[in-house]
Structures are given as structure tokens and as C-alpha cells.
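Novice: The following block contains the structure, expressed as C-alpha cells.
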Amino acid sequence: MPLKDYSVEYHKYYSMEEIKKIRENTDKEIFVVMNKKFSNEEIDGVKEQVKTLNILKIKGIFYYDLAVLQIKKELNLDIDLVWNNTFMVTNYNTCNCFYDLGVKYGYLSNEITLNEILEINDNTNMDIIVMLLGYPVVAFSKRNLLTNSGFKNEIEVMEPVSGQKYNIRENEEGTVFKYNKIRNNAFCLKKLLDNNLPYIYLIEDDIEHDLFLEGLKITHELIESKISEEKYVKRMRELFGGDTGFLYRQTIYKVTK
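Each residue of the sequence shown is one higher than the one before, counting from 546 in the working numbering.
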């Protein structure tokens with residue numbers, strides 16, 4: 546759940562009071578997002594929020610700013626953290642470095658291939674999280690790019706060379722750019738399960754609620770071996786399309802030895 550005033554890039558946010566009520570009424574694991582890049586003036590507030598989440602026994606905090614890790618260490622808190630550094634979570638060496646610094650989880654970049662995901666999961670001590678379904682974020686700016694340019698607070702733009710379209714939304718925290726197609730990684734879920742990947746992430750933002758619930762339901766059914774992989778993939782494609790992003794195509798050229 547994205548914490549209001551302390552997270553960005555989401556459509557719906559939750560106040561601390563809402564999170565407390567939900568925590569009191571469920572035995573499910575709850576993760577809270579605090580993925581904002583904080584200013585010096587916000588640090589005292591960040592400390593109070595992290596301390597409160599620690600008391601609530603939240604499963605983990607998705608963080609972007611290293612201030613959250615530093616606060617956990619300085620205050621000697623028990624709460625676990627999720628390294629959520631957007632496009633930077635791409636290799637197991639850095640994952641292991643952050644693990645040694647006290648970070649339990651890593652939310653992998655959406656811009657890496659399936660083979661790279663499996664390689665990271667095989668070679669890191671972190672519990673890895675991979676997005677299975679959702680609209681990927683491609684950029685974020687703390688500036689008010691739309692209203693400063695005379696636009697309304699939500700528009701669609703097209704990149705002229707590729708023809709790819711992006712949804713751009715602005716709120717008080719800044720401006721977020723999202724791919725305008727749903728990323729559907731259901732095609733590789735069985736491989737992720739066979740590789741003992743601990744967590745997958747389905748993001749409801751901007752997806753019709755009933756469709757999302759059906760996708761969530763049949764994903765549980767596949768995990769519990771109540772539905773065949775073929776039937777699962779076919780239905781997920783019918784619901785959400787077949788865009789797999791960069792799962793099967795590299796976007797980064799690596800120097801070879």
C-alpha cells in the first residue's frame with residue numbers, strides 16, 4: 546500500500562490511519578510503499594512513519610531513498626525493507642551488497658529479461674519480487690511538467706520514432722510516465738515458480754477492478770496447481786493482452802570479457 550505523502554507513481558494512496566485499520570483486520574502480509582525521494586525537511590516525518598510501521602509489524606517497506614535504510618539502522622528497527630530503486634535493481638552483486646547492509650527484499654527492474662531474473666534469483670540472498678501484471682512506470686519527475694506546459698493533469702503522448710504511447714499523470718508529488726499497455730508476464734509464471742521465486746507483484750492501478758480480481762484469482766489457482774499452465778496463460782492473455790515488455794528482448798548492452 547503506497548503511504549500518502551511518502552510515495553509516488555501510484556493512483557491510489559493510503560493514510561497511516563487506513564493502514565492501521567487494515568493491519569488490525571487481516572493476518573495477510575502487508576507491504577507499505579515509501580518510494581519518494583525525500584528532502585532534508587521531510588526526514589523527521591519519515592522517521593515517525595517508519596517507527597509507526599515498525600510498531601504495526603508491517604512485513605516490509607518498499608523504499609527508494611537511502612534515508613529509509615539509514616533510519617532503520619540508526620534506530621535499530623526490526624522492520625524489513627524492499628530495495629525499490631526503480632531501474633537500478635538489475636544484478637545480483639548489488640542485491641547481495643544491500644542484503645549485507647540489512648535489506649531483505651529486492652523489487653527487480655521491469656527492464657530486464659527473464660533469463661536475467663532467473664540468474665539474479667539463483668545468485669542472491671535477497672528475497673526477490675517481480676512484477677507479474679500492471680502498467681510499468683517508465684519515468685518520474687518531481688516537477689509539474691503538465692501544468693507548467695499548459696496541459697491538464699493527465700494526457701497521452703506518442704514517441705514519434707517507435708510510435709509507442711505513454712500515459713502521463715501529474716499530482717502534488719510530481720509527474721509520472723507510464724507505458725500505456727498492461728505488462729502481462731503470466732507467460733513466465735510457471736518458470737518463476739519452478740525457480741523458487743518468493744514473491745510476484747500484481748498492480749491494480751488503472752486496471753478495471755473486476756478484471757484484476759479475476760486475474761488475481763486464477764494466478765492463485767496456478768500457484769496452487771488448480772489450473773493448467775496452458776489454460777492460465779490463455780485466460781490471462783484474453784483479460785490483459787500479451788505484452789511481455791523486455792522479458793525476451795535485451796535493452797542493455799553489456800561489455801563482454
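All C-beta atoms in this analysis are idealised placements derived from N, C-alpha and C, irrespective of residue type, glycine included.
If you're wondering where the values come from, they're calculated on a predicted model, not measured in any experiment.
1. Residue 678 and residue 629 - do their beta-carbons sit closer together than 8 Å?
2. Within this structure, are the beta carbons of residue 577 and residue 685 separated by less than 8 Å?
3. Rounded to whole angstroms, what is the Cα-Cα separation between residue 650 and residue 623?
4. Kindly indicate which residue of 702, 661, 597 and 763 has the alpha-carbon position closest to the one of residue 795.
5. Grouping DSSP H, G and I as helix and E and B as strand, with all else coil, what is residue 751?
6. What beta strand (DSSP E) runs, 3 residues minimum, are completely inside the region 715-762?
7. Taking only three categories from DSSP, how would you classify residue 575?
8. So residue 579 and residue 551 are supposed to be a Cβ contact under 8 Å. How far apart are they, rounded?
9. Three-state secondary structure (DSSP) at residue 776?
10. Please state whether the Cβ-Cβ distance between residue 762 and residue 719 is less than 8 Å.
11. Kindly indicate the opening and closing residues of the beta strand (DSSP E) around residue 650.
12. What are the boundary residues of the alpha helix (DSSP H) that residue 613 is part of?
13. What does a CB cutoff of less than 6 Å around residue 665 pick up in its chain, not counting 5 residues either side in sequence?
Specialist: Inspection of the coordinates gives the following:
1. no
2. no
3. 14 Å
4. 661
5. coil
6. 719-724 and 744-747
7. coil
8. 5 Å
9. helix
10. no
11. 650-652
12. 611-619
13. 637
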